[in-house]
Each structure stands twice: as C-alpha cells, then as structure tokens.
Amino acid sequence: MTKTMYNPISTSDDAKELGLLPEEFEHIKQLLGRVPNFTELSIYSVMWSEHCSYKNSISWLKTLPRKGPHLLAEAGDENAGLVDIGDGLACAFKIESHNHPSAIEPYQGAATGVGGINRDIFTMGARPIAQLNSLRFGPIESEKTKWLVRGVVKGIGNYGNAFGIPTVGGEVFFDECYNTNPLVNAMSAGIVEVGKTVSAISTGVGNPVYIVGSATGKDGIHGAAFASKDISANSAEDLPSVQVGDPFTEKLLLEATLEVIATGAVVGMQDMGAAGIICSTSEMSAKGEHGMNIFLEKVPTRQANMQAWEILLSESQERMLIVVEKGKEKLVEAVFEKWDLNCAIIGEVTDSKRLNFFMNGELLADVPAESLVLGGGAPVYQREYSEPAYFAASKNFKIEQIEEPTNLQEIAHYLSGHPNLASKRWVYEQYDSMVGTVNMSTNAPSDAAIVNIKNTNRAIALTVDCNARYVQADPEQGTAIAVSEAARNITCSGGEPSAVTNCLNFGNPYNPHVYWQFVHAIKGMSKACEKFKTPVTGGNVSFYNQSSYDGPVFPTPTIGMLGILPDRNNRMTLDFKKAGDMIFLLGESVNDISSSEYLYSYHKVKNSPAPYFDLQEEYAVQEFVKALIKRKIVNSAHDVSDGGLFINLLESAIPRNLGFSIGTDFEIRKDAFLFGEAQSRIVVTVDEAHEEMFLELALDSELAVSCIGQVTEGEILVDDAPFGTVAEYKQTYNDALGAHLN
Amino acid sequence: MKFGVVIFPGSNCDHDMIHVLRNIMHQEVVELWHKDTDLQGCDMIILPGGFSYGDYLRSGAIARFSPIMEHVIRFSEKGGYVFGVCNGFQILCEAGMLPGALLHNDHHKFNCKNVFIKAENNTTLITSGVDTSKALKIPVAHGEGRYFADAEVLAQMNANGQILFRYCNENGAVDAASNPNGALENIAGVCNAGKNVFGMMPHPERAADAVLGNEDGRLLFESILAMVKA
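Which chain is which? The protein sequence lines are V and B, in order. Reminder that position 382 of the first sequence reads as 382 in the numbering used here, one-by-one numbering, no gaps. Reminder that position 157 of the second sequence reads as 1157 in the numbering used here, one-by-one numbering, no gaps.
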C-alpha cells in the first residue's frame, strides 16, 4: 500500500459547489496543514453539513435540560436517548425528520425515514416495539398534497408493516405553509436490558471493521447536504439524493444485529444513515479516540465501477458498521450467513486517530476523525436573530373583532369534519398498529398510546405533539404548550411523563426571523421540560424547511414524549363509559379563541396570539388528574386540545356511540366555550358512586373544577338545545379524510 | 400439545404466536427455522404472519420453496395439522395445500383494523368450541387478503364444509359492508378437504391476551387444545 495522495487537490470553487463556506474551506486547510483533495473536501462537506454537524443549532441545544435521575444516556451520548423504565429494562427512543426526501419522492422518502429511525434504536441493541409519526402537508384539497399524503402514508406503511413494528400513534396536520415543504417525522422506541446496550464506539488496535447488510449503491449520495438547503424548483434534480428502502433486509438486519450482539463479539456498532461510511467511521473513531484504515474496494457494491467518493458518501439503506473483537470473526460471520446478509471486513482499527481511506492500494483521504464530528472539529456558529413584525401585530387581535356567531351547531359540524380535527383513520388503518401484540390502545383508546412491556407489570406511554400554529404565533409559549400537551396526554393515560425526544423543523437558519423562532422555541421547551422533569434526550434538527416562493414553514418543534406506567393497571382511557356519568371540566374556562382551528379556518383570521396558557396551572391540573386516576375515581380522562371542548367531548363520545348534554358558562362567549383552545384543561367523567369523593378532592385541589353536564345515550345537547346525534357527527368525523383522499 | 412455529426470513408475527401458545395457552412450542428439515415431532405446524422474503414477488410465493415446506407438505399428507395465519395462509395457498388464492385488497391499500368474523360450522378442529351464531372480533392486517377461488372449487368447498370463517358485522350478519378486502363470499378462512390444513387472514393471536382487551381469538386455540387432548 502506498501513501501517496492520488486525486486532484480541490479549489475554493469546489468548496462552494459542495456547499462549504469560504471560511470553512480555510479552516479545513488549517486542520490538514495542506489543501484537501476532492475526496477529503467531499468528506468535510457532508460531515460539516447542517444535518450532520448541527453547526447552527448546537449552541442552543446545549441549553436544554438534559439531566434526569433515570437517564442512562444523555443527549448526544448515543444514537438515541436511553431511559431506565424499571425491572432492569431500558427504553431507547428517538424522533427524526425525513422532510426533504419526502418532498420530492414521498414514498421512498418516508419509507427510508422509518428505516433510519429504527436502525438508530436497534444499533444500540434495543428491539424496537413501537413507532409513531408526525406528518404535515399543504391544503388537503390540492392535488399535490393528495399525491404527497398517499405516497408518504404508503411509504411509512409498507416499510413499517413489513419490518413488523406496530405504529401506535401520530399526528397529521394540514396548512398551506407546508405546501412545498411537507414534514415527515418518524419516531421509534425499543426495549433493551439495562447494561446490554452497544455503543457507537471504536477501540482496540487491530480489531476488524465490518460492513454488514445491504450492498452499497449510488443512492443517497450527498443526501445530508441536500437536507441542508432550501427546496427549489431544481430540487427534483437532486433525486439521486433520495435513498431507496428495503424493509425485508432491515428486518433481517434487525434479527442478525440482535443475535450478533448476544455473541459478545461486538466492540461497537453504528448504523449508516446520513453521510454513510464516512459518518459512521468518523463518529465511532472520534468517540473511541482511535483511527481506522478502510479499504473501499472491499465494500460490497450494488453496481460496478463506483468511484471511491461515491462508496464513501453513499447513503444506501440497511447497513451497519461493526467493530469486532479480533479473534471472534467466526461468531459474527456465522450470524450474518444464517440471515443471508453481506458481511465484509473493510478495514481495521488503528492508534492514529486518523481515518485513512484506500482504494486498490492508493490512499485517497487522510483526515483526523475528530476534526469531522460534532463536539470535535465541526464548526459551531452563533446566528443573528431578530423579532419578526408579525409577532407584535398578532397581539392586536381581540376576540371582540369576531362577532359572536349564532350558528354554533353548523360550526360544530364544520369542525368535526375539518381535516385537522377529524379522525385520521384513513391514515392509520394503513399502518399495522397491532403486530407485536403490545398495543393496549387498540381496544381501549387513550390520549397517549399505551404499549405493554411483556413479562412485566409495566407499560410505557408514547405520544408525539406539536400544534405548530401556536408556535408560529408565539414560539416560546407555543413550544411550552407542545411539551405540556405531550405530558398531558401521558398523564391522562395514567402514565408518568419521563423524557423527551424532539424534532426541530424550521426554515433557513440564516434568516434572522427564522432563527428568532428557533431560539424562542428552545427557551419555551427548556421551561416546560424543567417543569415536568422531562429531560431532552436527543432528536434532530431540520432547518431549511422553506422554499424560494412560499417562505418558511411554521416553526414545528415536534415533541416525542415517553411516559412510564409502573403498573399498567393504572392506565386510563378517553372514551365515555356509560350514560348518566357526570362530565367535569378541570381547569379554567377562558374567553379565548386565539390560534384556534375555529378562528383560523372558519373565520380565516391567520394572525392571532397563542391560546391562553399558564405553565403553573397546567402542572397543577396534571397533578390533580394523576391523583384522580391513581385513586380510580374517574371513568375517563381526555385533554382539551385542537378544536376545543366540543371536539374533545365528541372524541370521548364516539367510541361507544354515547352522547352528551352540557351547559355553557354565562361568563364566557359560547364560541369560546365550545371551540376555544385555551390550554390546561382536561375533561373527566365520574359515576354516581364516586361523585362525593371526587367533589371533596376537587375542593381540596383549589383548581377550577366545574360540572358541565352528563353523558347521554347518544343525543348531543348544548344548553338543553338539540345539537344533533353522535351518529351524525361520527360519520362526518370518520369519513372526512377519506372523502378527500380516496 | 406440541406446536412448531416456522420462522421464514421476514416473518414478523412469529413471536406473537409463540407468546400466545407458550405463555397464555401454556403449551410446548419449538421454533422451526425455514431451512430445517426436522419437524421435531410437533402435533401442529403453524405458519405465522409477516412478510416472508419481503413478499416481493407475490405474498408467500417464495416461502413455499423454503426447504422446510417439503416436510410440512409431507406431514400434512399424513394427516398432520397445519395452520397458517395471514402470510402463513398465503403460503399455504401458494404451496397448493389450500385451495384458492389471496389477491390484492379491492381498495388497493394495506388495512389494519378489528373486524368481525363468524364460524361457518363447529365441526373443524379450529372452530369446534366456537358458537356459530356469534361474531368474533379479530383484527386483520394485510394488503393481499381478497380470497378467490373459481366457481367450481368454491361450490365444492361450500358443500364440503371447508369454509371456516366469513366476515360479518358485529351482530353476525354477513354483508358487503363488513368485507374488508373484497373476498369472495366474505371468506376469511378455509381448510382443505382433509380438514387438517387451516388458513385464515385475521390474526387470532392478536386477540388472545387479556391485557389487550380482546380475547375472542383465544377461542380458536382453546378449540384446538380441547379436540387434540380429547
């Protein structure tokens, strides 16, 4: 093997072409002590892309609360967050975006998003047991949106269903701001015995480095760089940047990976996602403070004559890099042979702390591993930010500007069929939600998905939440609301909120108004996560969600939250149980319609403040519900969120075809009472036997608690006036999405 | 009773089936790898759901060529019990062990939800303990579940009592609205003429654990155990 550099040195034009800033090019020259060649420049361009380096976000991410008593791995330590859930078990969980690929190739973009997030979980040695997703599209009426929705849902379904992990929850939201740039965020959670996890680390000079799984092809080259720029009319030309998924191979890789870990031969392992071989070799090496010699001709390829840099940067899916203890090669190879998967030694661990990539004996790149990675040599930027004018303007909105309507029943029907509020059945029935036989919410719906942990008395609660309209209206309050709503969903399901993973979808960070949204979202998240003692364990940042013509999407910091039920019998459901049960509203009714679906879609007022929210009140209401559930005093619990109280009641009534008769509050406008989205409110039902005890506890709680009515056999009444039957609403609610998408 | 659950590459309901048989029905279960040639003296061989070989060519089309299938076929020819669920049903049809075929759902979408099915009779191993007037709530999860057989075969099967289950509404009425995939005559499950090979699209193993709030599927496993022990 010779050590002469072969390929041509690069120029500042090359650097620009690859998306590097002039000062970044200078920095690379300094780090290497020479001008990088083209392969090396490509390596830096992907590793220092926004997607891999978090260069424009990391300084703010570090301000998030990241510590908690039951965290086994803190943000940034491992591929996913790791939380002790008791009984010697841990939950690895994470959310990630696949927005840009889904925008131009919805089926493969979404499918590979599912594949990628699951690999993050099982590369740690955890078996995935539940998936969720959070999707945002443009207006449902548009043909383009329909194409995107059908493709994304089919992509998630076909990949996740074949892979065999249930999809237990999610959200779907439509708004014109996502017209060009839809958001596709996928979350996965897995279970592993404490102490049996595998790290993404490389140590032990002379240990062999394996690539296993799919062969490497030309798909997804420069995908990370593609994810780090705005979507434009030319984006379709980036099509080779989109990877192609193969869930069958992923399923085999899952089983083989868990088997190979059990052999005890594995030193470290990392999946190959963004930036492929270069990312996994550099991150594992930097973490282990070692180097690697990698021989690219040994990588199994899907096609002949691939260039070295293509092999290096390919984002072909369903691959893993494994460092194996020397002498235990046979153990590893036997497992992959059993599963008929590729398994090739492509290099070895060295003590140099440098990555040397060779092709047919020639040294093509020689870079210090540490210089490439987040927390090492990757650049860190502080971006400028300034308050956008719309923010002050939004405060001018007053409820009095909207005349109080008299056609409340008509509005109720309109909202129950609005795509953002109606049943997402058309979407979730395309996902296998029951494989694995752990989904406890199939036959007993609850605000968060309850997932059984077999062979224990435990369950976990999972939810994804973000009302991006609130975040747009007020990034700090809106994000605090997103965290609070996630916690509220878990609390209403009988769980204890435990930890957060986040997916921060924003526009271009070089736009000071976008960055202002980002900074304030982080502040709001910190505030709320501290209050609920739910540390942030990781996730991802997706900037550049904007197009040259539509501008940025709503700031969308999706919150994925994990909750724990030490005793799964403490779980609570959202459906009304029987006619005659009393309906109580916990929390204050407020004369507020700001940022509600009602105001935004029905009255078409697009700029108003975030809805009423007080973090302390929120916390108190949740603590009260926890106590009620623990003492088995309530028959149902369901939080008031999008669509307001009326939609909340409808969602509780529909599962058992019951109805409700409620009285409004004379101090509050009827539209605000029924459709306002003021936060920190929960509806519970109580049967006669528990009423007295409930009222006593309510008095002691010093919270606003009001009896608003009673569950009926099926008719819906507001202030004694007939409002229709649950059967009518149910049909509208269930069929709304299908009417557009079938 | 001793059950053998065959694991094909891409099977993903294997663990669910094993969990129910082992931990809920308290039976002996062995895991059989698709390359195995020894059925280990099992009383019943189960082909679980999933996406064997990714279902890439056509559901079940490749799995039928797995080395173990030759032995499963021989086992069934000697009267051994074989039960396929979902992808397992598709494999049994592809292998010619059950009549008919499973086509793409008429709406061309994968569909996962609770459905109701009704046993046609209670003379088979699997339906022996089931009340034929009652609808069972059992989930489906498939993209290719539309049962098809030509008219002659279908007439024969009907005459022979080979239809195990039909999709129905919650009151037990077999109607078009309750058919989740466009299956001919609402057929959800069938058996062979010898009544020792069974296949169904709905997943009884997903409705057998009390923790999940639905135990209707458990009746099928109880039927099997009652008959084989007796």
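Quick reminder that beta carbons are idealized off the backbone N, C-alpha and C, glycines included.
Does the distance from the CB of residue i to the CB of residue j come in under 8 Å?
i, j, result
"V:Phe518", "V:Pro509", "yes"
"V:Lys251", "V:Ala162", "yes"
"V:Val168", "V:Leu132", "yes"
"V:Ala620", "V:Ile629", "no"
"B:Gly1050", "B:Gly1080", "no"
"V:Phe788", "V:Pro555", "With chain V covering 1 to 742 only, the question about residue 788 of chain V has no answer from this structure."
"V:Lys670", "V:Glu404", "yes"
"B:Gly1189", "B:Gly1182", "no"
"V:Tyr682", "V:Val640", "Sequence check: residue 682 of chain V is Ile here, not Tyr. Their beta carbons are under 8 Å apart, which means V:Ile682 touches V:Val640 by this criterion."
"B:Ile1046", "B:Phe1003", "yes"
"V:Ala90", "V:Ile156", "no"
"V:Pro611", "V:Ser595", "yes"
"V:Gly376", "V:Glu384", "no"
"V:Ile593", "V:Ala482", "no"
"V:Val244", "V:Asp219", "yes"
"V:Ser652", "V:Arg571", "no"
"V:Ala627", "V:Leu697", "yes"
Could you check if residue i is buried or exposed, using at least 16 other CB atoms within 10 Å of its CB as the buried criterion?
i, result
"B:Asn1023", "exposed"
"V:Ala262", "exposed"
"V:Glu193", "exposed"
"B:His1108", "exposed"
"V:Glu96", "buried"
"V:Lys154", "buried"
"V:Ile559", "buried"
"V:Asp567", "exposed"
"V:Pro69", "exposed"
"B:Ser1066", "buried"
"B:Asp1038", "exposed"
"V:Leu737", "buried"
"V:Met1", "Interpretation of V:Met1 is limited by its pLDDT of 41, a score under 50 that renders its predicted location unreliable; the figure taken from the coordinates is listed afterwards. Flag for V:Met1 reads exposed."
Taking only beta-carbon atoms, is residue i less than 8 Å away from chain B?
i, result
"V:Asn443", "yes"
"V:Pro566", "no"
"V:Asp271", "no"
"V:Met1", "Here V:Met1 scores only 41 on pLDDT, less than 50, and its place in the model should not be relied on; the value that follows carries that caveat. Not an interface residue."
"V:Ser423", "no"
"V:Phe38", "no"
"V:Val553", "no"
"V:Thr123", "no"
"V:Gln430", "yes"
"V:Leu253", "no"
"V:Phe248", "yes"
"V:Trp339", "yes"
Between residue i and chain V, is there a C-beta pair that is closer than 8 Å?
i, result
"B:Glu1205", "yes"
"B:Leu1154", "no"
"B:Gly1054", "yes"
"B:Leu1131", "Per the sequence shown, the amino acid found at residue 1131 of chain B is Asp instead of Leu. Chain V contact via Cβ: absent."
"B:Asp1038", "no"
"B:Ala1141", "yes"
"B:Ala1099", "Note on residue identity: the sequence assigns Pro, not Ala, to residue 1099 of chain B. No, because no Cβ of chain V sits closer than 8 Å to the Cβ of B:Pro1099."
"B:Leu1212", "yes"
"B:Lys1229", "no"
"B:Pro989", "Because chain B spans 1001 through 1230 in this model, residue 989 of chain B falls outside it and cannot be assessed."
Indicate, with yes or no, if the ligand GTP has a heavy atom lying under 7 Å from the CB of residue i.
i, result
"B:Gly1145", "Inclusion of the ligand GTP in the displayed structure is not the case, the ligand content being empty and no account of it being possible."
**Asked** How do the region 423-438 of chain V and the region 56-69 of chain V stand: do at least 3 beta-carbon pairs fall below 8 Å, yes or no?
**Response** no
**Request:** Would you be able to state if there are at least three C-beta pairs under 8 Å between the region 730-740 of chain V and the region 671-686 of chain V?
**Result:** no
**the region 573-580 of chain V touching the region 204-223 of chain V, judged by at least three CB pairs closer than 8 Å** = no
**Prompt:** Quick one: complete beta strand (DSSP E) runs, 3+ long, within the region 1145-1221 of chain B?
**Reply:** 1146-1148, 1163-1168, 1187-1191 and 1197-1200
**Message:** Below 8 Å, how does it come out for the region 139-158 of chain V and the region 288-302 of chain V: are there three or more Cβ pairs, yes or no?
**Reply:** no
**Asked** Is the region 1122-1129 of chain B close to the region 1088-1105 of chain B, with three or more CB pairs under 8 Å?
**Response** no
**Request:** Spell out a yes or no on whether the region 380-397 of chain V and the region 697-711 of chain V are touching, meaning 3 or more CB-CB pairs, one atom from each, closer than 8 Å.
**Result:** no
**Request:** For the region 499-558 of chain V, list the beta strand (DSSP E) runs that are entirely contained and at least 3 residues long, ordered along the chain.
**Result:** 536-542
**Asked** Curious, which full-length alpha helix (DSSP H) runs of at least 4 residues does the region 262-314 of chain V contain?
**Response** 276-288 and 308-313
**Asked** Could you give the uninterrupted runs of the alpha helix (DSSP H) lying entirely in the region 610-683 of chain V, keeping only those of 4 residues or more?
**Response** 615-630, 644-653 and 670-675
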